[in-house]
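Residue 39 is where the sequence shown starts when you use the working numbering, and the numbers rise one by one after that.
What follows is a single structure, written as structure tokens, with notes after it.
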Amino acid sequence: MARKQQTKGKCVFCDREMTRSGLARHLRTCPQRQEAINAANQASGEDQPMYHLQVQDGWAGDYWLHLEMKGTATLKDLDRYLRAIWLECCGHLSRFSIGGWGSDDIPMSRKIAQVFQVGVELTHIYDFGTSSVTLVKAVDVRQGKPLTRHPIFLMARNEMPEVKCMECDQPAAWLCMECIYEFNETGALCDEHAREHPHGNYGEPMPWVNSPRVGMCGYDGPATPPY
Ligand SMILES: [Zn+2]
Ligand SMILES: [Zn+2]
Ligand SMILES: [Zn+2]
Ligand SMILES: [Zn+2]
């Protein structure tokens, strides 16, 4: 099988489009980002460590985020953000740990600066039944002022993965869970084939949203950032 294309996304500072790993490198040296940081650093108050976190789904890594997070914010703030942008369907439990199941929970009250240093990767698990696994890795840290009053600033996010309709090769915009669960198909459908699709045991085909949880436990978005 041919290596499938990596998803790309845009740097919010300069609009350049790159892969996840390309952006991890680019964001360190992006001149427009540096300008934004210089401007933010003019504000009064104390400097604090600001963490560049690379977030990706624990499955294929097609879904990812580059976040900048305050060292004084907590894992709870990160959990809230991940739920809002990717995960929340019906209020399941979640946890952070170093390593997956079998490793100890890290309390949600822990501060970002207490758990992360460059190179440290945490595993986030949402829903202990139909689990969504997310990996969060600190790739860089700077000392200075935040770019936002919120705990997190979104620096980049993957564009929707290009998935083809299983019937006709047009871009898919819908997902049929019955195809996945009962027939071991991708369940990906274009507009036209979604309209005439015969399955309804798991509900109508649902819209494909930009989240690794799409379709799991009925998740249908909105998959938009909380701020
Ligand atoms: Zn840039
Ligand atoms: Zn659920
Ligand atoms: Zn089609
Ligand atoms: Zn189907």
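For glycine and all other residues, C-beta sits at the position ideal for the given N, C-alpha and C.
Bridge partners for residue i per DSSP, in chain order?
| i | result |
| --- | --- |
| Thr-45 | Answer is none; Thr-45 lacks a bridge partner. |
| Ile-123 | Answer is none; Ile-123 lacks a bridge partner. |
| Arg-180 | Met-88 |
| Ala-81 | Answer by DSSP bridge pairing: none, since Ala-81 is not bridged. |
| Glu-106 | His-90, Phe-191 |
| Pro-209 | Lys-202 |
| Val-171 | Ile-163 |
| Ala-226 | Leu-213 |
| Lys-149 | Thr-112 |
| Asp-95 | Thr-172 |
Which of the three DSSP states, helix, strand or coil, is assigned to residue i?
| i | result |
| --- | --- |
| Thr-67 | helix |
| Met-39 | With a pLDDT of 39 at Met-39, under the threshold of 50, the modelled position of this residue cannot be trusted; read the value that follows with caution. DSSP places Met-39 in coil when its eight states are reduced to three. |
| Tyr-219 | helix |
| Asp-143 | strand |
| Met-198 | coil |
| Met-204 | coil |
| Arg-133 | strand |
| Glu-242 | coil |
| Leu-185 | coil |
| Glu-55 | strand |
| Ala-62 | helix |
| Asp-258 | coil |
| Asp-100 | coil |
Grab me the residues of residue i's own chain with a C-beta within less than 8 angstroms of its C-beta, minus the 5 sequence neighbours each way, in chain order.
| i | result |
| --- | --- |
| Pro-145 | Leu-113 |
| Leu-213 | Gly-225, Ala-226, Leu-227, Pro-243, Met-244, Pro-245, Trp-246, Val-252, Gly-253 |
| Arg-71 | Cys-49, Phe-51, Cys-52, Leu-65, Met-193 |
| Thr-110 | Gln-86, Lys-149, Ile-150, Ala-151 |
| Asn-239 | Glu-216, Glu-220 |
| Trp-97 | Val-171, Pro-250 |
| Arg-121 | Ser-132, Tyr-164 |
Residues in its own chain within less than 7 angstroms of residue i by CB, not counting five upstream and five downstream?
| i | result |
| --- | --- |
| Ser-169 | Ile-163 |
| Asp-229 | Ala-211 |
| His-188 | Tyr-265 |
| Cys-68 | Cys-49, Phe-51, Cys-52 |
| Trp-223 | A quick correction: the sequence has Glu, not Trp, at residue 223. Answer for Glu-223: Met-204, Cys-217, listed in chain order. |
| Tyr-119 | Ile-190, Pro-264 |
Mind checking whether residue i and residue j have CB atoms under 8 angstroms apart?
| i | j | result |
| --- | --- | --- |
| Val-174 | Val-156 | no |
| Pro-263 | Ile-136 | no |
| Val-179 | Pro-87 | yes |
| Ile-75 | Met-107 | no |
| Glu-216 | His-237 | yes |
| Ala-261 | Gly-47 | no |
| Met-204 | Ala-226 | yes |
| Asp-117 | Ser-132 | yes |
| Leu-105 | Ile-190 | yes |
| Ala-78 | Gly-182 | yes |
| Phe-134 | Asp-143 | yes |
| Thr-161 | Gly-138 | yes |
| Gly-241 | Cys-127 | no |
Which residues in the same chain as residue i place their Cβ atom closer than 6 angstroms to its Cβ, once the five residues preceding and following it in sequence are excluded?
| i | result |
| --- | --- |
| Arg-58 | Trp-102 |
| Leu-125 | Tyr-164, Ser-170, Arg-251 |
| Met-254 | Thr-168 |
| Pro-199 | Thr-45, Asp-100 |
| Gln-208 | Cys-228 |
For residue i and chain B, any beta-carbon pair shorter than 8 angstroms?
| i | result |
| --- | --- |
| Glu-106 | Looking for chain B here will not work: only one protein chain is present. |
ask   = Taking three-plus beta-carbon pairs below 8 angstroms as touching, is the stretch 92 to 102 in contact with the stretch 249 to 263?
value = yes
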